[in-house]
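Contents: one structure, followed by commentary.
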Amino acid sequence: MIETLLVLIMLPLGVTLWRMIVARTLVDRVVALDMLTGVGVAIAALVAAMTGRREFLDVGFGLGLIGFVGTCAFAVFIMRKGKKEQ
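Under our numbering, the first residue of the sequence shown is numbered -1, with each subsequent residue one higher.
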């Protein structure tokens, strides 16, 4: 069952990577990067359930935290860039 879920997670992973490469604006790339970290958290949780090792949950929490901070940093960068252009 968990192996099937891991295979199904690869579809949004592929679509997100494609969106990150094809995106025309920085905002689209930031959204794709945020989605990519969400998929990474899901993969870490599934691997933790599959192996029974709780360390993978810590990896997922850390990845989620880094993704959140990174998204906030990019948002501040984009806001400052927008103010300079006006």
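Backbone N, C-alpha and C fix where the C-beta goes; we use that ideal spot for every residue, glycine too.
Collapsed DSSP secondary structure at residue i in the structure displayed
i     : result
GLY50 : coil
ARG27 : helix
ARG17 : helix
ALA22 : The amino acid occupying residue 22 in the given sequence is Arg; Ala does not appear at that position. The answer is coil: DSSP assigns ARG22 none of H, G, I, E or B.
Between the CA atoms of residue j and residue i - distance to the nearest angstrom
i     : j     : result
MET48 : PHE59 : 17 angstroms
GLY36 : LYS82 : 31 angstroms
MET33 : GLY80 : 23 angstroms
Cβ shell of residue i (< 6 angstroms), same chain only, five flanking positions each side left out
i     : result
ALA46 : PHE54 and LEU55
PHE72 : VAL28
The alpha helix (DSSP H) enclosing residue i, as first and last residue numbers
i       : result
MET(-1) : No alpha helix (DSSP H) contains MET(-1), which DSSP labels as neither H nor E.
Contacts around residue i, its chain only, beta-carbon distance under 8 angstroms, and the 5 residues preceding and following it disregarded
i     : result
ILE64 : THR35
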